Structures are given as structure tokens and as C-alpha cells.
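Visitor: The listed protein sequences derive, respectively, from chains A and B.
Each residue of the first sequence is one higher than the last, beginning at 1366 in the numbering used here.
Each residue of the second sequence is one higher than the last, beginning at 2 in the numbering used here.
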Amino acid sequence: MKFYLSRRNTILLVILVIFAIIAVRLFSIQIIQKDFRETAENNALKYVTIYPARGRILDRNGNTIVENKITYDIMVTPRNVPEFDTLAICNIFGLDLDYVREKFASYKANARKIGFGSMPFLKQVGSAQFNAFAEKAFLFPGFDAVARTARVYPVNAGGNLIGYVSEVDRDYIEAHPEYRAGDYAGKTGIERAYEKRLAGEKGYTVYYRDAHGQIKGHYEDGALDKEAVAGSDITTTIDANLQAYGEILMRNKVGSVVAIEPSTGEILTLISSPGIDVSQLAEINKYYKEISENPYNPMFNRTVQSAQPPGSVFKLVNGLIGLQEGVLTRETRYPCNRGYTNGKVHVGCHGHPSPINLPQSIAMSCNAYYCYVLRNIMDNRKYDNIEESFNKWRDYVTSFGFGHKLGSDVPYELGGNVPTVNTYNKLHGKGRWKSLSIISLSIGQGELGCTPLHLANFCATIANRGWFYTPHMIKGDEEHPLDSAYTVKNYPMVDQKYFPLIVEGMNMSVYGDGGTSHVAQVPGVNMCGKTGTAQNPHGDDHSVFICFAPKDNPQIAVAAYIENGGFGATWAAPIASLIVEKYLNGEIADSRKELETRVKNGYLLNKVPVRKRKR
Amino acid sequence: MNRHKNPYRKLDWTLIGCWLALVLFGWINIFSVLHGESSNIFDFHQKYGMHFVWICISLVSAFLIIRVIPANFWQGTAWITYGGVILLLMATLVMGVSSHGSQSWIQIGGFRLQPAEFSKITTSLALATVMSKYGFSLKTLPNIARVAAVLLLPMAIILLENETGSMLVYVGFLVVLFREGMSGWILVIGFLIVLEFILTIITSPYVALVVGLAVFLMIWFFKKDQYLLGVLVTTLTVVALAFLPKLLEIEAVAAVNPLPAETWLAIILSVVALFYIIRIIIRSPRKTFERNAFIVLLCGVLFVLSVQFFYSHVLQDHQRNRIDVFLGLVDDPKGVGYNLHQSMVAIGSGGFAGKGFMNGTQTSLGYVPEQETDFIFCTIGEEWGFLGALFILALYLTIIFRIIILADRAKDSFTRIYGYCVAMCIAVHIVINIGMTIGLMPVIGIPLPFLSYGGSAMLAFTAMLAIFIKLAFEDRKI
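1) Based on the DSSP secondary-structure assignment, which residues constitute the bridge partners of Cys1893 (chain A)?
2) Taking a contact to mean a Cβ-Cβ separation below 8 Å, would you say Gly382 (chain B) touches Ala390 (chain B) in this structure?
3) List, from N- to C-terminal side, the beta strand (DSSP E) runs of 3 residues or more that fit wholly inside the region 63 to 138 of chain B.
4) Leaving out five residues before and five after Val1692 (chain A) in sequence, what residues of the same chain have Cβ atoms less than 8 Å from its Cβ?
5) According to DSSP, is Phe1833 (chain A) part of a helix, a strand, or is it coil?
6) Quick one, which of A:Cys1455, A:Glu1812, A:Tyr1464 and A:Arg1545 has its alpha-carbon nearest Gln1673 (chain A)'s?
7) Measure the C-alpha to C-alpha separation of Leu1462 (chain A) and Pro1817 (chain A) and round it to an integer number of angstroms.
8) Pull up the distance between the alpha-carbon of Trp1758 (chain A) and that of Ile1686 (chain A), whole angstroms please.
9) With which residues is Met1440 (chain A) paired in a DSSP beta bridge?
10) So what does DSSP say about Glu1946 (chain A), is it helix, strand or coil?
11) When the Cα of Val1945 (chain A) is compared with those of A:Asn1966, A:Ile1625, A:Asn1756 and A:Glu1631, which residue comes out closest?
12) Identify every residue that forms a DSSP beta bridge with Val1571 (chain A).
13) Going along chain A in order, which residues have a C-beta closer than 8 Å to the C-beta of Ile31 (chain B)?
14) Hey, is the region 1695 to 1710 of chain A in contact with the region 1911 to 1918 of chain A, meaning 3+ C-beta pairs nearer than 8 Å?
15) DSSP on Ser350 (chain B), reduced to helix/strand/coil?
16) Below 7 Å, is the gap between the Cβ of Pro1542 (chain A) and the nearest heavy atom of the ligand ATP?
17) Would a C-beta distance cut-off of 8 Å place Cys1539 (chain A) and Gly1551 (chain A) closer than the cut-off?
18) Starting from Thr1706 (chain A) and walking both ways along the alpha helix (DSSP H), at which residues does that stretch end?
19) Looking at the C-beta of Phe1469 (chain A), does it have a partner C-beta in chain B at a distance below 8 Å?
20) Leaving out the 5 sequence neighbours to the left and right, which residues in its chain are closer than 6 Å to Gly1880 (chain A) when beta-carbon positions are compared?
21) Could you work out which residues of chain A lie near Asp44 (chain B), taking near to mean beta carbons separated by less than 8 Å?
22) How close, in whole Å, do the beta carbons of Thr1553 (chain A) and Arg1419 (chain A) come, if the pair is a contact with beta carbons under 8 Å?
23) Round the Cβ separation of Ile1636 (chain A) and Val1619 (chain A) to the nearest angstrom and send it over; I've been treating them as touching at under 8 Å.
24) Which partner residues does Ala1609 (chain A) have in the DSSP bridge list?
25) Judging by CA-CA distance, which residue of A:Tyr1573, A:Ser1754 and A:Leu1801 is the nearest neighbour of Thr1785 (chain A)?
26) For Ser1471 (chain A), does the count of other Cβ atoms within 10 angstroms reach 16, so buried, or fall short, so exposed?
27) Using three-state DSSP, classify His1711 (chain A) as helix, strand or coil.
28) So with CB distances below 8 Å, who are the chain A contacts of Asp318 (chain B)?
29) Residues in the same chain with beta-carbon distance under 7 Å from Pro1718 (chain A), minus the five sequence neighbours each way, listed in chain order, please.
30) Based on Cα-Cα distance, which residue from B:His430, B:Ala117 and B:Ile445 lies nearest to Leu152 (chain B)?
31) In whole angstroms, what is the alpha-carbon distance linking Leu88 (chain B) and Gly18 (chain B)?
32) Using 8 Å as the Cβ pair cut-off and three pairs as the minimum, do the region 401 to 409 of chain B and the region 441 to 461 of chain B touch?
33) Tell me where the beta strand (DSSP E) around Val1379 (chain A) begins and ends.
34) How about the region 416 to 428 of chain B and the region 165 to 181 of chain B: do they share at least three Cβ pairs that are nearer than 8 Å?
35) Do you know offhand how far Ser1371 (chain A)'s Cα is from Glu181 (chain B)'s?
36) Answer with buried or exposed for Arg1466 (chain A), where buried requires no fewer than 16 other C-beta atoms within 10 angstroms of its C-beta.
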């Protein structure tokens, strides 16, 4: 079949085909391909972030512990930077010429990725330098300053407790997609635990800009803008003065002091020594290397992370269990002849009158007495075998909070350790161990690991005569009521009626004949305390002390754990009692000034073995 | 009864309506691109105000052409106007104002004129005068020489002005010659030249030669009505040649044969499709057909072999760059490709219905270059979307088709030839301009008829159209 088009129609047909090709192409780029719209927005819309002020952190009395000051980040839009006086920039900010060159070399290398975007040039510039820059800003097109806030610490207290804020890195952004490069976030301590409340919400202003990167105005009259919401203030339960005082006492010692208000579970002080000085917090990046290379590891929050044997303090736990189990009464007496001996097993003790009853055993911290107590608990006829009685004992112990995380709001809290049946089955073989094999548990040695927070909480439990609130360091307010975990009383498995006996013993320890805690006597305060001396394979014994005061209606319960400090009465008891005195009396009595000076000047770092740390 | 009293009712109001719609649409789009805060569209210190002045001047000119100047004035003065514009073009060469690397403006009083724009009218008039002579046939050598002279003289000067875009418009006149009896072979050869040129540069001379051979084979067999055999032989040849280098393991040839198999398949299909187009266009006796086909093949071989040389030695740097970017050989959205990239972003971001009048970001924020002149279509694409773009295309298609239909049925050959010239001029401008903004054509500076900012172009296109309307109007009275 042959057909021919007229020349006119040939021409019309060819034109029609070409127009159809154009229409198809338009359809393709305007309707099928979606990425042009995105490119157009990236081209023309500029999001300027408004950073909210971070919430302040207050202590229990309303004193500010952490607040903000304004600093500036100098941003640069590399595309808009013409040739400029590099030296002048260096002079204003006190920079090396190399720093500037390096920065611009990296912008050039990433020019395609940056496009019209702004990059941080210099961070956290103070107002003096900012003013110097602002005066000459016209000389440096493409540079501008963004107001940021930086942390200031009016009280030198609680470096570890507060934690630091720093710029988020790539890993952090991956885990928290709502953050962008350049944002700051709390990395440790309260700053981390309450990041959501403190951080507030970022806002932004949307501008549109022309092809030269010039801002031409508010896009859609601000319809897309978002206001920044300032972070909320946080009131902690910490007493800043007490915290600061405690940190002075703990200077040059390795260990922890934890003070709790027993009636509320509020943490009054939380000292881990050595700690991070607040002056280092603000510029953590500058000091990070120094801090992380410190052999005593100031980053390590010993109060919740260092689980150590509690020593004699633990006798109180065994005493309470014995009472509850009915194998012990106030008047149960046991002899002690410089220790407890049974076959090959010998647990030594110091010289004291014998035989003694329960309160006396606490006051004089008799080791032998608690060997009998533990054996009676373990070999109780009620239970078929040692495993059963051990499990019962373990249930008692964990009901005081030991052996697991208390659930406080202190970040990175660890649970410590209370051995299980399995521990001994593995150690000795199943059925091949008996009460004598675990006799060291009676005096708080062996496989036990308790954090200072555990001990302070236990002390608060005794102060309350049988219950505790989970310790916490943030006060609730109307907007953020306290989590129910902190408002429900916890009752250990020991009946409240047995606690006064323990209190009596602790009181006798401070005031009674032969008491081990006489050093903790504070004028005008009816103190109850218990010393502990925890043996450990790494040098001198750890010095441990828990105390609460006043005896009736206690207001403060303290646990002090001084590593390699020797006897409980040597360092821990003076420190803990000074804390109590400072808190209850406001000042240190003249009669105890000498003790205070000794504590302040005490230097124990050389006694602490420096171990290679695992990260 | 009143109807017959007013003879101007017989004017072609379709063309006038389309013209008015395009001009007004162009004006508000120029305003949309250039407006600032609280600006007035009648502010004559601004380009959009000036554009309105030019619209008025064009309107007055059109009125004069239709109502005052007699129709035969144009044929009578064709040589005078042609000569005048040639002189102006030459004057521009000597004392013109240059901008954007081309020297095409001439300052007359307060106005700057672009004689190249007007040369399209005068060339059309001159061409129509030459070809409408009684007994004119394109088959005699003197006639061919006359036509060539009329076209080549202004082309040469414009080329010297470095105004590549305007020069390309003259290629459109070849279609007019085709309508007037020129062999379709010329158009086919022209098309093949461009095809071979592009293939040589973006692939390799080898690929170009294989494609050329395939076209030849198709024409050869199809002319003998051996359709099936033709497709079979062509396909086999292409496949064989495509895989020959690999089979022989000739490294050097393999290096110039970079296309994957599916591309070769596409080539075969395209060649078959191409055949049908060629067959529609060409009707010559078998003997000349075969002879011409051989000439095409021979010239093709020579052409392909010389393109590489031409490309790397004859073309100027900026021309080579533009070709490279257009052909996708270099990817450089910030450099030479910036215009193309931003232009496609602007149009593409318009979507189906556009961002709305005065709401375009890409064009009004200056991302698209020359946005009020050569890239005005970007604004339309961005603010009015696919719908707006189609509307404009429809208006243009109406104008072109209407002119061709009116021209083709004109009794006077001068009117017919001039009409085809006008239609092709407008069509080439549109295809090159819109094709450029959507990445189908290289970036060539050329205005969009009736829409772009620019007094010379506005006046020239309006006058050109008005003359045709007048001629067609008079022709209907005969």
C-alpha cells in the first residue's frame, strides 16, 4: 500500500510530532520527576535555627547550680565569601592563620555538599570577641554570628552530678534522630538524665534567598516558622552548700559520700571523688583528654558505679534477718575470744568484753557474734537444706535494695552484687558447701558488692525504722510530677518492730562503752552510726561508715566509703559526721575544728593502687 | 447587514486573539519575575513598564500595517527593506554594542535595536519576492543561486555577529523551500548530518558509521518494496557490526564501541522508524533515489570521519562546551550547565498546576539566568505548572497551524511563501527556546516569540505576523 502526504501535511505532521515531544518532556519533568521540587526548595529556602535557652538547674533551696550565658557561634556561608582579610579575622578571634586556611580548605573540598548552606567556623565565642567582630562584620560578607547559650556554674559543686553538655556527634545523632549537627545535648549526670526537659525545643525561621544567597525576606510571612521553646528549669534535691562542703572534705581521697533525707528519699549530696571540677565542665572538650587520662578516673561516678564489699556495715542486715527469722533476740549473747573459730575456719575480731548482746555487738562491731547469727540463719531447721535457707536469706538482702539497681535517677546506676546459690555451686560444687563456707558474708565480706548509694539507702531505711523511698535527686513540680517510683514506700521483708534494736546498737556505737564510732559524736546531735572496714586485695582496707541523725525523727542519712582509708573510724566516720554536722548545725563546732582540718588535709591518693582501667 | 459594512470582520481574529493572549501573558510573567515590594506594573522605569510601552508600539504598528499600509507595499519595497536591514546588520558589526559575547545591538537615539530580529522579516519578504516570480522553479541553477544568495547574505553577517541562535532560525527557511518543491533529500540529509554529528561525538565514529550504513540499507530495500528483507538485513548487519570488535578481540575498535546491546537494539528500532518518515517526505523516481542514497552513504562516511576533526579543531571553546553539556558529556550544574540545571529545576518544581502567579521562587529569586528574556518559559512552567505550559504550547500550535493553513490556500504565491516563512520562523524559535529550557536542545540565546522581554523581538514578531494577517486578508478578497 502506498500513501503520500501532501507537503503541507508533512510539515504540519512534523511540527505536531516535535510539539508532542516537548509536551511529553514537560510531563516528565513537571509531573513524573519529583526531585526538582525538592531541589527548588533547597535552593531557595533557608532555615535559620533559633536555639532555645537550656533550663537552669537549682538546688533544693532554690540556689542556682547551673545557668546560662550567651555565647556566639560564628557561622560562614562559604559560597558567599569573597576574598577577605584572613589576618583580620585571626586578630579578632585570636586564631592561627593555619586554622582559617584549614577550615576553608575543607569547605572547598565539600563545596558541592555544602551548596548554599552555612558551616560553623568558630564556636562559643565570648561577647567581647563577638562585639569586636560585629563592629567589623561588614568587612566579612558570608560570616555571621548565631547566639547560643553556654553553661555557667555559680557554685563549685557537683561536677559529676550535674554532668556536662557538649555538641552531639554522629553516633548520638544516629541514636537520637531529632538532633542535628551543631546541637548540644547533656552527656552525663543530670544534664543527661533530664535532657528532654532541659533542652527545650528548637525553633526556626524560614527565609527565602536569591541566587546570590542574599536573604530576601520572610518566607510566606512566617507561616512556616516555629518558635523556640525554652527548656524548663529543674530543681534538684541536692543541697549545694553541703555538696560543696563534702567535695572539700573528699579532696585528695578516692571514694564516695552519699547523703539522703530519709523521710523523702531525696539525695542531699552525691560526691564521687576525685570528680570533675565545674570549671572543666563548661569547656569539656578542652579538658576531656586531661580528665580521661587521670588515673583515678574522675568520669567514673563511684556513688552508683563502684560496687565494693560493705564490710561490717552489713552486720546490721544479718542482724535484722536473724531477728525476723527468730534465730536472734535482743538478749541473745555469744562469746567472742578475739574471733570465731570452727575447725579450720577462723574469723578474727578485736579485743572487747564478752559475751555481748545484740546492741553491744553492733556498738563494738563483733565479728564472732555475726558468724553465729549467719550460721543460725543458714542452718535453721525450718529449711530442708542450705540452698533453701540461703535463698531465703538472699531474698531478705535484696529486699533492702542490694544486688540490683535501686532505680534512682542517677545515670549509669549499677546493681552491685549479692551472690546466688549458683555462685557457690560453681565455686564449691553442688551440695558441697555449707554455712561455714560462706561465713564471710556475715561480716559483709566475700562475694558482696554494694554501691555507696545502696549503703546510704540502707541507712535511710534503718533511720525510717523499716521503709525507704527510692533515692532520687530531682524534685517534682506541677508540670512534671515525681515519677510514682519515687513516691511509693518500699518495705523490706523485715518487720518494722525489729529496727529499734538496730538503732539502739548504732546509737551505742557512737556513745556507748567500747563503741567503734565515738569519733562521730557531734555536739547537740543524737547520732547513730556504724563503722565498717572492708578488706580488699588491692592495698589497705576501705574505710566505711553509715550514720543518721537525729536518732528520733532523722533528717539525714549518710554513707561514706573511702577507698584504702583503713578503719571505718579513721576517715569515713569523721567525714560522714562532719557532713551531718554541717547539715544539721550549719557549722562545725570548735571542738571538732581539729578533726575537720585533719580531714581536709588528708591525702590518701598515694595509698590507692592505680589500676589499668578498662574503658 | 451590519456585518458586511465592516470588511475587517474578515480579518483572521484567531491569530489576533492568540497574539493578544500571548503578549498579555508574557507581560504579567515578566512582571512576576521582576517585581519588587509593592511595585506598579506600569512603572516605566522598570523593564515590565517598558515592556508595556513596547506592546503599545507593536499594537500601533500592527494597526498601521493592517489599516493604513497597503498590502502590495511589502512586495514592492521588499528589496529596499532587505537592503536596508543588511546595511543595518553591517553597521552593527562595525559600531554595534556587544553583550553576552555577541555584537548584535545598535544604538539609535534612546533605543537599542537588534537588526537581526528585523532581518527575519525582510529576508522572508525578499525570499517570497524571488520565489513568487512567474515561472519560478527551484530546479534551475540561477534560481537556486538567487535563493541561496538571499538567505546566505544575512546568515553570514549574523554569524559574524556571533549570534548563533538567530542564524539557526534561517535553517527553518529550508522547510519553506521544501514546500516550494525542493527535494526532501536535503532535509533528510540535513537531519542525518545532525544525527551523525551527535553520534560521532557522544559515542564514536564507528557507531555513527554503523548507524549510517543501517539507514542506507533500510532506504535501499524499502525502495524496492522488500520490507521484511530490509528489516532482516539491517538488523543482522547492525548486530554483526556491533559485536564484531568483541569477537575479533580488537582492543582499539572495542574502545570506540562503548554502547551496550540494548542501546544497539534501540538504534535498530530508530532506524526503522526513521525510514517511514523519510518515505513520507521523499518521492523521487527509483533511479535518482538509488543514486542519491549512495551519495548519502558516501558523504556520511566522509562526514563522520571529519566530525572529530571539526569538533576538536573548528568549534570554539564555548560552543564545544555547550555541546558537551547539552549532550551530557560533562556534568557541571554550577558551571556551563548551570543555566540548564536551574531552568529545569524551575520548570520541574512547578508541578501540575504551578506555584501560582508571583509565587515562583526559582525565577523571581534569580536562580534562572536571563529569566525575563530567553528563559521566560521557566517562569511560566514554575508559576503556572504543566497546565500553563500546555496552554502556551496550544496557543503557539494554533498560530503556526493557522498561518500554514491560511498560507497554503492563498491564491497569491507571495502570500503563500511569506506565510510559510513566518510560520517556520516562529516554530523554530519556539522549538529551540522551549527545547533549551527543558534540556532537549543546547543552550542557545533566542527569544520566545511574543512572550520574551525585548522590544526588537516583540516589534519584529508582531510586524511579521501583522503583515501576514494583512496579506491573507487581502488574498481572501481576490
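Glycine is no exception: its CB is placed at the ideal position from the N, C-alpha and C atoms.
The structure presented is a predicted model; accordingly, all values stated were derived computationally and were not measured.
Guide: According to the structure shown:
1) The count along the first sequence starts at 1 and reaches residue 1893 (chain A) at position 528. DSSP output for Cys1893 (chain A) lists A:Phe1913 as bridge partner(s).
2) One-based indexing of the second sequence puts residue 382 (chain B) at position 381. One-based indexing of the second sequence puts residue 390 (chain B) at position 389. In this structure, Ala390 (chain B) lies closer than 8 Å to Gly382 (chain B) by Cβ.
3) Inside the region 63 to 138 of chain B, DSSP marks whole beta strand (DSSP E) runs of 3 or more residues at positions 98 to 100, 103 to 109 and 112 to 114, from first to last along the chain.
4) Position 327 of the first sequence holds residue 1692 (chain A). Hits under 8 Å: Val1738, Asn1741, Ile1742 and Asn1745.
5) Here residue 1833 (chain A) is taken as the residue at index 468 of the first sequence, counted from 1. Strand, per DSSP.
6) By 1-based counting over the first sequence, the position of residue 1673 (chain A) is 308. Of A:Cys1455, A:Glu1812, A:Tyr1464 and A:Arg1545, the residue nearest in Cα terms is A:Glu1812.
7) In the first sequence, the residue the question calls residue 1462 (chain A) occupies position 97. In the first sequence, the residue the question calls residue 1817 (chain A) occupies position 452. Leu1462 (chain A) and Pro1817 (chain A): Cα-Cα distance of roughly 51 Å.
8) Within the first sequence, residue 1758 (chain A) is the residue found at index 393, counting from 1. Within the first sequence, residue 1686 (chain A) is the residue found at index 321, counting from 1. Approximately 7 Å between the Cα atoms of the pair.
9) The sequence position of residue 1440 (chain A) within the first sequence is 75, counting from 1. Beta-bridge analysis with DSSP links Met1440 (chain A) to A:Pro1485 and A:Asp1509.
10) If you number the first sequence from 1, residue 1946 (chain A) lands on position 581. DSSP places Glu1946 (chain A) within a helical segment (H, G or I) once states are collapsed to three.
11) Numbered from 1 along the first sequence, position 580 holds the residue referred to as residue 1945 (chain A). Here the closest residue by C-alpha is A:Ile1625.
12) Sequence index remark: in the first sequence, residue 1571 (chain A) carries index 206 (1-based). Its beta-bridge partners are A:Tyr1412.
13) Here the question's residue 31 (chain B) lines up with position 30 in the second sequence. What Ile31 (chain B) touches in chain A, judged by beta-carbon distance under 8 Å, is nothing: the nearest beta carbon there is about 17 Å away.
14) With the cut-off at 8 Å, the region 1695 to 1710 of chain A and the region 1911 to 1918 of chain A do not touch.
15) Along the second sequence, read from residue 1 onward, the residue named residue 350 (chain B) stands at position 349. Here Ser350 (chain B) sits in coil by DSSP.
16) Inclusion of the ligand ATP in the displayed structure is not the case, the ligand content being empty and no account of it being possible.
17) Locating residue 1539 (chain A) in the first sequence gives position 174, where the first residue counts as 1. Locating residue 1551 (chain A) in the first sequence gives position 186, where the first residue counts as 1. With the sequence shown as reference, residue 1539 (chain A) is identified as Glu, and Cys is not the correct amino acid for it. Against a cut-off of 8 Å, the Cβ pair of Gly1551 (chain A) and Glu1539 (chain A) comes out as no contact.
18) Residue numbering aside, residue 1706 (chain A) sits at position 341 when the first sequence is read from its first letter. Looking at the DSSP string, Thr1706 (chain A) is not in any alpha helix (DSSP H); the run it does join, the beta strand (DSSP E), is Gly1704 to Asn1707.
19) The sequence position of residue 1469 (chain A) within the first sequence is 104, counting from 1. Taking Cβ atoms only, chain B never reaches closer than 8 Å to Phe1469 (chain A), which makes this a no.
20) As a first step, residue 1880 (chain A) must be located in the first sequence, where it is residue number 515. Contacts found: Ala1728, Met1873 and Ser1874.
21) Sequence index remark: in the second sequence, residue 44 (chain B) carries index 43 (1-based). Taking a Cβ-Cβ cut-off of 8 Å, Asp44 (chain B) has no neighbours in chain A, whose nearest Cβ is about 19 Å from it.
22) Taking the first residue of the first sequence as 1, we reach residue 1553 (chain A) at position 188. Taking the first residue of the first sequence as 1, we reach residue 1419 (chain A) at position 54. In this structure Thr1553 (chain A) is not in contact with Arg1419 (chain A), their Cβ atoms being roughly 15 Å apart against a cut-off of 8 Å.
23) The residue you call residue 1636 (chain A) lines up with position 271 of the first sequence. The residue you call residue 1619 (chain A) lines up with position 254 of the first sequence. Wrong, their Cβ atoms sit about 11 Å apart, outside the cutoff.
24) Position 244 of the first sequence holds residue 1609 (chain A). DSSP output for Ala1609 (chain A) lists no bridge partner at all.
25) Walking along the first sequence from the start, residue 1785 (chain A) turns up at place 420. Ranking the options by Cα distance to Thr1785 (chain A), first place goes to A:Ser1754.
26) Counted from its first residue, the first sequence places residue 1471 (chain A) at position 106. Ser1471 (chain A) is exposed by the Cβ-count criterion.
27) Walking along the first sequence from the start, residue 1711 (chain A) turns up at place 346. Here His1711 (chain A) sits in strand by DSSP.
28) For the purposes of this step, residue 318 (chain B) is taken as the residue at position 317 of the second sequence. Per Cβ cutoff of 8 Å: no residues; Asp318 (chain B) is ~24 Å from chain A at best.
29) One-based indexing of the first sequence puts residue 1718 (chain A) at position 353. Excluding sequence positions up to five before and after Pro1718 (chain A), its CB lies within less than 7 Å of the CB of Gly1879, all in the same chain and listed in chain order.
30) As a working note, residue 152 (chain B) is residue 151 in the second sequence. Ranking B:His430, B:Ala117 and B:Ile445 by Cα distance to Leu152 (chain B) puts B:Ala117 first.
31) On the second sequence, residue 88 (chain B) is found 87 positions in, with the first residue counted as 1. On the second sequence, residue 18 (chain B) is found 17 positions in, with the first residue counted as 1. Computed Cα separation, rounded: 35 Å.
32) Result no; under three Cβ-Cβ pairs closer than 8 Å.
33) For the purposes of this step, residue 1379 (chain A) is taken as residue 14 along the first sequence, with counting starting at 1. Counting along the chain, Val1379 (chain A) sits inside no beta strand (DSSP E); it lies in the alpha helix (DSSP H) bounded by residues Arg1372 to Phe1392.
34) With a cut-off of 8 Å, the region 165 to 181 of chain B and the region 416 to 428 of chain B count as touching, because enough Cβ pairs lie within range.
35) On the first sequence, position 6 is the one that residue 1371 (chain A) refers to. On the second sequence, position 180 is the one that residue 181 (chain B) refers to. Cα-Cα distance, rounded: 12 Å.
36) Position 101 of the first sequence, counted from the start, is the residue given in the question as residue 1466 (chain A). So Arg1466 (chain A) counts as exposed.
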